[in-house]
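Here the structure comes first, spelled out in structure tokens, and everything after it is commentary.
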Amino acid sequence: MTITLNRPDAANAIRPDARNALIELFNEASGDPEIRVVVLRSTGRHFCGGADVVRLADGHKKNVKRVTGAMHVIMTGAQRLIASVLDCAKPVVAVVQGGAAGLGAHLAYAADLIVATDDAYFAESFVKRGLVIDGGGAYMLPRRIGMQKAKEMAFFGEKLPAHEALTLGLVNKVVPAAELEAAVADYVDRLAVAPTSAIALGKRLFNDSPDTDRASAFVAEAMAQEIQSFSHDAKEGIAAFVEKRDTNYLGW
């Protein structure tokens with residue numbers, strides 16, 4: 002499945018209706034056995050400029066506020082979107098060109114693999130709007146690049162170039178724009194024939210590991226291993242190895 006952000010004239014800023022549609026698409030991909038990999042990409046010069054600030058400004062102008070109202074919007078909106086990517090039972094590949102800022106950057110962080118062009122950058126732009134980082138950024142970013150660098154990005158809102166992001170381990174691959182499609186296709190082609198349920202279980206183990214003690218992590222690992230051992234792909238993988246032939250994984 003390919004999901005494309007398509008508001009190039011607005012740097013692909015995400016409106017509430019688009020956010021909700023994205024959540025539905027990731028949930029659909031998660032439960033559809035025919036979908037083996039999800040590609041998240043966009044059109045135009047930028048990956049995603051974040052949430053639609055014009056709508057936010059309109060809300061501030063009207064000054065309509067209720068206690069816990071903003072908190073409810075964040076938890077059921079931006080946070081739910083990021084969770085839908087993190088919890089998607091399929092590998093998610095983010096294709097980042099140009100800017101990935103605010104919520105747009107967090108969408109990329111939530112993906113399992115990131116391919117970026119050499120002119121791409123990531124920015125925690127909240128501070129430049131007088132806002133607190135949201136959309137799961139304060140949870141994900143320190144886990145991706147370490148606490149000190151995460152604070153630097155959040156406190157100053159400066160751009161993190163793709164090559165530096167690669168050095169920090171935030172992205173998997175940085176390529177010239179002319180090589181982007183080939184780099185993405187390499188990941189997608191390999192994931193499309195992989196044992197998808199094994200990847201899904203492994204993804205869950207990795208995503209849970211920063212918040213799990215060793216004993217709990219070991220139990221979860223053993224349970225995942227047992228669950229996968231009953232799959233078609235586990236039997237196929239072992240049979241192909243013994244018979245010295247290529248595998249034919251079905252994804253379950």
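Here the sequence shown stands for residues 2 to 253, where the numbers follow the working numbering.
From the three backbone atoms N, C-alpha and C, an ideal C-beta is built for every residue, glycine too.
Small disclaimer: the values here were computed from a predicted structure and weren't measured.
One question on the structure: do residue i and residue j come within less than 9 Å of each other, judged by their Cβ atoms?
i, j, result
"Ile15", "Leu26", "no"
"Ala117", "Val93", "no"
"Leu202", "Ala225", "yes"
"Asp120", "Ala163", "yes"
"Gly138", "His107", "yes"
"Pro9", "Ser43", "yes"
"Gly50", "Ala102", "yes"
"Gly100", "Tyr122", "yes"
"Ala199", "Asp209", "no"
"Ala166", "Val175", "yes"
"Asn173", "Ile115", "yes"
"Arg81", "Ala52", "no"
Just verifying my parser: in three-state terms, what is the DSSP assignment at residue i?
i, result
"Leu26", "helix"
"Ile4", "strand"
"Tyr250", "coil"
"Ala112", "coil"
"Phe231", "coil"
"Val94", "strand"
"Thr118", "strand"
"Phe127", "helix"
"Pro196", "coil"
"Arg145", "helix"
"Lys236", "helix"
"Leu161", "strand"
"Pro211", "helix"
"Ile36", "coil"
"His61", "Its pLDDT being 49, under 50, His61 is placed unreliably by the model, and the measurement read from it follows with that caveat. Reduced to three states, the DSSP call for His61 is helix."
"His107", "helix"
Between the C-alpha atoms of residue i and residue j, what's the straight-line distance to the nearest angstrom?
i, j, result
"Val243", "Phe219", "28 Å"
"Tyr140", "Glu35", "31 Å"
"Met148", "Leu142", "8 Å"
"Gly258", "Ala195", "In the structure displayed, the chain extends from 2 to 253; residue 258 sits before or after that span and is not available."
"Asp135", "Ser126", "11 Å"
"Met76", "Tyr250", "37 Å"
"Ala124", "Asp88", "24 Å"
"Phe48", "Ala241", "40 Å"
"Ile146", "Lys152", "10 Å"
"Asn7", "Ala84", "21 Å"
"His61", "Arg46", "Unreliable placement is indicated for His61, whose pLDDT of 49 sits below 50; the coordinate value is still reported in the next sentence. Taking the straight line from one Cα to the other gives about 29 Å."
"Glu29", "Leu192", "18 Å"
"His233", "Arg37", "15 Å"
"Thr3", "Asp113", "15 Å"
"Thr168", "Pro211", "21 Å"
"Ser230", "Lys236", "7 Å"
"Arg144", "Thr248", "34 Å"
"Leu41", "Lys129", "26 Å"
Per DSSP, residue i forms a beta bridge with which residues?
i, result
"Leu132", "DSSP lists no partner for Leu132."
"Gly100", "Tyr122"
"Ala52", "Ile15"
"Arg42", "Thr5"
Terminal residues of the continuous beta strand (DSSP E) containing residue i?
i, result
"Lys174", "Lys174 to Val176"
The alpha helix (DSSP H) with residue i in it runs from where to where?
i, result
"Leu181", "Leu181 to Ala193"
"Leu171", "From DSSP, Leu171 is part of no alpha helix (DSSP H); its letter is neither H nor E."
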